[in-house]
Amino acid sequence: MKDKTLFRLILLLLICSFAAQGHFNSYPKFQIWNQGVRINYSVYGKGDTTLFFVHGWCLNKTYWSNQVGFFSKRYRVVTIDLPGFGSSGKNRKDWSTAVYASDINTVINQLHLKKVILIGHSMAGDIALMAAIKNPVKIIGLVGVDNFKNSGHILTSQEIKSNAAAINEMRRNFKKVAYQYFGQSLFYKTTNPIVRKRILNDVARTDSIIAIKSLEGALNQMKYDESRSLLALKKKLYLINSDYIATDTSVFVSKRIPYQLFSIHASGHFPMIEKPTEFNLRLLQILKSI
């Protein structure tokens, strides 16, 4: 997910959204730690196949409520708070994509999960991709949600400089930058105002130091050719992307990366929240295919 402009790169990583708070029964759990950090997680439903939902920047596991309620009737469902967000620990210095990927695999291994389908939204696309490459036997499928929209694009030196300037601006006034660029670019014209308000409030309440460091980690990952990682995956990539920003599939075709794109219209960056019924049906199609 490597768009050409600085703020699109940043905005596509910003992912906080409104979710209805359903009431689901989660299994009793023990604590899971990775590199000294506690990972908050929930497990719902039963089944040989596990749907493992991974949020991105400023989000938390409760934002998959619409999916938990629907899919836990047929599958085991796992949701986590990535360290630094939600109720997971924050006592870490390394917020890179690689470390976040190790968090996912730690949970998979600790819970003894065998047939796992990772569903990663926005920034979590690259996190899930790296986790799947590192754990090819247990992870049998990868689904990106509004990401991998410009795979194959490698950041230019000018884009890297622009990213650094934007990070510095965030350090000076995190809330202002988040509201200005996030709020103006990631919503569709019909996005519910309540959704908008919830998202912006959640971004503003995020620990800005951790948010910026994790954003830097994601941007550093974008210095490399994402298509190489997609080829290393050796599995078909499934995408559920909103079409408010088009998905460039040319690199998938030119490099023969197996993929299938499901588009959702009239939704912003958060199709699983803005159009949960359509999103769930699309994901159900993917699951049947896998």
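In the working numbering, the protein residues as written are 2 to 291. Where is the CB? At the ideal position from N, CA and C, for every residue including glycine. Only a predicted model underlies this, so the values are computations on that prediction, with no experimental measurement involved.
Check: CB-CB under 7 Å to K307, same chain, minus the five flanking residues each way: which ones, in chain order?; Outcome: Given that the chain is displayed from residue 2 to residue 291, the structure contains no residue 307 and the question cannot be resolved.
Check: Buried or exposed for T51, please, with buried defined as at least 16 other CB atoms from any protein chain shown within 10 angstroms of its CB.; Outcome: buried
Check: Check whether the segment 80–93 and the segment 47–61 are in contact - that is, three or more C-beta pairs closer than 8 Å.; Outcome: yes
Check: Sort S73, K214, N61, T107 by Cα distance to N281 and report the nearest one.; Outcome: S73
Check: Measuring only the C-alpha atoms, how far is I291 from L240?; Outcome: 13 Å
Check: Would you check if the distance between the CB atom of N148 and the CB atom of S123 is smaller than 7 Å?; Outcome: yes
Check: Give me, in chain order, the residues of the same chain whose beta-carbon lies closer than 7 Å to that of S215; leave out the 5 immediate sequence neighbours on both sides.; Outcome: W58, G85, W96
Check: Quick check: the Cα distance between N110 and K135, rounded to an integer number of angstroms?; Outcome: 12 Å
Check: Consult DSSP for V69 and reduce its assignment to one of helix, strand or coil.; Outcome: helix
Check: Between the alpha carbons of Q22 and R283, how many angstroms are there, rounded?; Outcome: A caution first: Q22 carries a pLDDT of 38, below 50, which makes its placement in the model too unreliable to give a value.
Check: Within the same chain, show all residues whose beta-carbon is closer than 6 Å to that of F175, passing over the 5 residues directly before and after it, in chain order.; Outcome: S209
Check: Using alpha carbons as the reference points, say which of N221, Y245, K94 lies closest to T157.; Outcome: N221
Check: Nearest to N92 by alpha carbon, out of R39, F271, G142, V117?; Outcome: R39
Check: With a threshold of 6 Å on Cβ separation, who are the neighbours of T107 within its own chain once the five nearest residues in sequence on each side are excluded?; Outcome: N35
Check: Starting from the C-beta of A132, find all residues in its chain whose C-beta is less than 7 Å away, skip the five residues before and the five after it, and write them out in chain order.; Outcome: A102, I105, N106, L119, I140
Check: Quick one: residues in its chain with C-beta nearer than 6 Å to the C-beta of E170, no 5 flanking neighbours on either side, listed in chain order?; Outcome: V178
Check: Compute the distance between the beta-carbons of T207 and A267, then report whether it is under 7 Å.; Outcome: no
Check: Judging by CA-CA distance, which residue of D244, N242, I265, S228 is the nearest neighbour of V252?; Outcome: S228
Check: Quick check on the burial criterion: 16 or more other C-beta atoms within 10 angstroms. Buried or exposed for V117?; Outcome: buried
Check: Y1 by DSSP, collapsed to three states: which one?; Outcome: Given a span of 2 to 291 for the chain in the structure shown, any question on residue 1 remains unanswerable.
Check: Quick one: what's H122 bridged to in DSSP?; Outcome: V146
Check: Measuring alpha carbon to alpha carbon, tell me which residue in I155, K115, G126 is nearest V138.; Outcome: K115
Check: Quick check on the DSSP output: the beta strand (DSSP E) that includes V78 runs from which residue to which?; Outcome: 77–81
Check: Give the straight-line distance between the Cα atoms of K47 and N164, rounded to the nearest whole angstrom.; Outcome: 43 Å
Check: Excluding sequence positions up to five away, which residues of its chain have a Cβ less than 6 Å from the Cβ of D244?; Outcome: S264, H266
Check: Taking C-alpha atoms, which residue in D49, I33, V44, L60 lies nearest to N202?; Outcome: L60
Check: Could you check the C-alpha separation between V146 and R173 for me, to the nearest Å?; Outcome: 31 Å
Check: Comparing C-alpha positions only, which one of A219, M223, E217, G184 sits nearest to V204?; Outcome: G184
Check: Quick check on the burial criterion: 16 or more other C-beta atoms within 10 angstroms. Buried or exposed for H24?; Outcome: Annotation note: pLDDT 45 at H24 (below 50); position unreliable, coordinate value reported separately. By the neighbour-count rule (16 or more Cβ atoms within 10 Å), H24 is not buried but exposed.
Check: Quick one, which of T250, Y45, I33 has its alpha-carbon nearest N151's?; Outcome: T250
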